[in-house]
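Let me begin by presenting the structure, written as structure tokens, before commenting on it.
Number of protein chains: 2
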Amino acid sequence: MTQERLLETALDQFGRLGFDGASTREIARASGTSMSSITYHFGGKEGLYLACAHHITEQIRLRQAGAIRLAREAPSLGREELLERLLAVIDDVALMMLHEDSAAWSCFIVREQQQPTQAFELLYSGVMEEMLEGVEAAIGRIRPELASREIRALALTLFGQVLVLRAARATVCRALGVARLGEEEGALLRSQIRTNSLAILTGGTQS
Amino acid sequence: MTQERLLETALDQFGRLGFDGASTREIARASGTSMSSITYHFGGKEGLYLACAHHITEQIRLRQAGAIRLAREAPSLGREELLERLLAVIDDVALMMLHEDSAAWSCFIVREQQQPTQAFELLYSGVMEEMLEGVEAAIGRIRPELASREIRALALTLFGQVLVLRAARATVCRALGVARLGEEEGALLRSQIRTNSLAILTGGTQS
DNA sequence: GTCTATACTACGATAGAC
DNA sequence: GTCTATCGTAGTATAGAC
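As they're listed, the protein sequences go chains A and B. Positions in the first sequence are counted from 1; adding 1 to them yields this note's numbering. Positions in the second sequence are counted from 1; adding 1 to them yields this note's numbering.
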């Protein structure tokens, strides 16, 4: 119970303040326990940080099960069906990026991208890799003329469109003239991302 | 001279470690001076941080003059010409994101996006706003059927594609199987971004 | 398992000599 | 302008009581 409270608090603090910015004193205090509980349950600050990375990985796996399944199911799906599935996966990621629950995770991950630590390895091999494989499998069948490196580049730039919702959140809010992204702004951006993705994925083959 | 060295060092340290992670002791040491020089020249740690934001703003203005000019020149340019100019602007941003020089700036900005401080205000009104206006002016003429909010959403998602080069750098490197993004990977990603952007911008009107 | 108490290090700011 | 010296605070880790 103390362990769970500590993890929850740590996720919030590490997300908002980063590894250095967060303090074990404050995490323990906000969890209603003492600093030495962190040593007991997680071995120290770093162990707590890695436990957060593991927890984030599991939460994303739950929410992005569709993308992970896609890697296995892509070979047996038709082209039209795959396109729709892929657009749904991109929208799932966009929804996750928009949702308030993911704020701490997103900050955590964006920090790790700038200066990867052991936690990034947990995140990448724990969930990102499989999600990318799913997206790439779908793209490979939708656009069979593309080379493997092009498929990869396409998958990454598609993700970029949704990444902007978190990685440039402050700019998005300022550009749209709002303090926080609400339902309306979320719908506008998701719709635009869907339109863009459709144009990108069918641009070379349909007309 | 001491002032310049301090600014340069601070840019690197704040970029890599964030405001909390960086220490004035280390910045002074690496600049070959003493902590109290920071107080003398910048008033303190926060003043030094804001001076970094101002410096980044000026550097980006220099490198993205094309985007800033676009806002003024868009009305007098033809549709085909505007499309090419816009693709060039996007490529300029991509080049900046790929270039090693921008690593510290990018980290600095990405951090500010997660937890905006006064420094974000400097960055946004100092350069981001004008760049967005340029891109929106071009999109507005290329796709005259779009509403103003759609134009804005389109501008933001277009930027997302290049943002991925910095904000998800670690994932991009892992996905491409390299330790650092070299010439080859940069060319691949820039080419993909250009293809995507072209499909997005002409998707609704040409076929 | 969880607490208090403490050891040790590093932080930013400031005073005052030069 | 730049230095040294120092103050007060806050960081993590650890020892030992319960």
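In this text, a Cβ means the ideal position worked out from N, Cα and C, and glycines have one as well. All values reported here derive from a predicted model rather than from experimental measurement.
Taking a beta-carbon distance threshold of 7 Å, B/Y125 counts as an interface residue toward chain A. Residues R64, S103 of the same chain have their beta carbon placed closer than 6 Å to that of B/M97, with the five preceding and five following residues left out of the count. Rounded to whole angstroms, the gap between the alpha carbons of B/E122 and A/Q116 is 25 Å. Scanning the stretch 112-192 of chain A from its first residue to its last, the whole alpha helix (DSSP H) runs of 4-plus residues come out as 119-124, 130-143, 149-168, 170-177.
Considering only A/A72, A/L49, A/T3, A/C108, the residue with the shortest C-alpha distance to A/R167 is A/C108.
Judged by DSSP secondary structure, A/S38 falls within the alpha helix (DSSP H) whose first and last residues are 36-43. Selection A/M36, A/I201, A/A29, A/A169 evaluated against A/V111 yields A/A169 as nearest (Cα-Cα). Distance check between B/R17 and each of A/L189, A/T118, A/C174 places A/T118 closest, using alpha-carbon atoms only.
Straight-line spacing of the CA atoms in B/T10 and B/S192 works out to 34 Å. Within 10 angstroms of the beta-carbon of A/E131 lie 16 or more other beta-carbons, which makes it buried. With respect to A/D21, B/D21 sits close: the two C-beta atoms are nearer than 7 Å.
B/G183 counts as exposed, since fewer than 16 other C-beta atoms from the protein chains shown sit within 10 angstroms of its C-beta. Excluding the 5 residues flanking it on each side, A/R26 has same chain C-beta neighbours closer than 7 Å at M36, in chain order. Note on geometry: alpha-carbon atoms of A/E137 and A/M129 lie some 12 Å from one another.
Less than 7 Å separates the beta-carbon of B/Q162 from that of B/I194. The count of Cβ pairs closer than 8 Å, one atom from the stretch 65-75 of chain B and one from the stretch 83-90 of chain B, reaches three, so the stretches are in contact. Judged by DSSP secondary structure, A/E27 falls within the alpha helix (DSSP H) whose first and last residues are 25-31.
A/E82 counts as exposed, since fewer than 16 other beta carbons sit within 10 angstroms of its beta carbon. Look at B/H100 here: in three-state DSSP terms it is coil, with no helix or strand label.
The C-alpha of B/H42 lies about 20 Å from the C-alpha of B/G19. Interface annotation for the stretch 137-162 of chain A against chain B: R150, E151, R153, A154, L155, L157, T158, F160, G161, Q162, criterion Cβ-Cβ distance under 7 Å. Counting only residues of its own chain and dropping the five nearest sequence neighbours on each side, B/C53 has a CB closer than 6 Å to the CB of A11, L12, F15. Note on B/E5: under 16 other CB atoms within 10 angstroms of its CB, so exposed under the neighbour-count rule. For A/R170, the nearest CB of chain B lies under 7 Å from its own CB, placing it at the interface with that chain. Going by beta carbons, A/A72 and A/G33 fall outside the 7 Å limit.
Burial check for B/E101: the Cβ neighbour count within 10 Å stays below 16, so the residue is exposed. Residue burial annotation: A/R30 is exposed, with fewer than 16 other C-beta atoms found within 10 angstroms of its C-beta. In the three-state scheme derived from DSSP, where H, G and I count as helix and E and B as strand, B/L199 is classed as helix. Rounded to the nearest angstrom, the gap between the Cα atoms of B/E113 and A/S24 is 20 Å. Counting along the chain, A/L78 sits inside no alpha helix (DSSP H), nor does DSSP assign it H or E at all. With a 10 Å radius around the Cβ and a threshold of 16 neighbouring Cβ atoms, A/R181 comes out exposed. The C-alpha of B/W106 lies about 45 Å from the C-alpha of A/S77. The beta carbon of B/I201 sits closer than 7 Å to some beta carbon of chain A. Not a single C-beta of chain B is nearer than 7 Å to the C-beta of A/P76.
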